[in-house]
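Following: one structure in structure tokens, then a few remarks.
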Amino acid sequence: FSEKKSYDEIVEKLISELERMGFVEQQDEVEKTWKVLASFHYIEELIDCISITDDTDDAEHTGEKDKETDKEKEEQP
Numbered sequence: 012f013s014e015k016k017s018y019d020e021i022v023e024k025l026i027s028e029l030e031r032m033g034f035v036e037q038q039d040e041v042e043k044t045w046k047v048l049a050s051f052h053y054i055e056e057l058i059d060c061i062s063i064t065d066d067t068d069d070a071e072h073t074g075e076k077d078k079e080t081d082k083e084k085e086e087q088p
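As structure tokens, then:
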């Protein structure tokens, strides 16, 4: 949405995307009012249920252990 310049253009683009995906529908074209559909709330709940683990922390810790092991090997006679 950053390619749009005015606030109105950004909102218009966002609304058209939400409408295309079935999350909102227009109630009144003159007043430009929209109704948020149940599908939007469903997708919100679905996203809240998703749990993403950060594998980069594990990789960093594993890398540190490898370095320590290499260092210990070098110190052994």
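Going by the numbering used here, the sequence shown opens with residue 12, and the numbers climb by one from there.
Cβ coordinates follow ideal geometry from the N, Cα and C atoms, glycine included.
Nothing here was measured: the structure is a model prediction, and the numbers come from that model.
Note the first and the last residue of the continuous beta strand (DSSP E) segment covering residue i.
i	result
K46	T44 to V47
D39	V35 to D39
Helix, strand or coil: how does DSSP classify residue i here?
i	result
S27	helix
D19	helix
T64	coil
Would you please verify whether the beta carbon of residue i is less than 8 Å from any beta carbon of chain C?
i	result
D19	This model lacks chain C altogether; it includes just one protein chain.
Look at residue i and residue j and say whether their C-beta atoms are less than 8 Å apart.
i	j	result
E36	K24	no
F34	L48	yes
At the level of alpha carbons, what is the spacing between residue i and residue j?
i	j	result
D39	D66	47 Å
E30	S50	11 Å
S27	E55	18 Å
E42	S17	20 Å
H52	T44	18 Å
Can you find a heavy atom of the ligand HEM that lies under 7 Å from the Cβ of residue i?
i	result
K46	For the ligand HEM, the structure offers nothing, since it holds no ligand at all.
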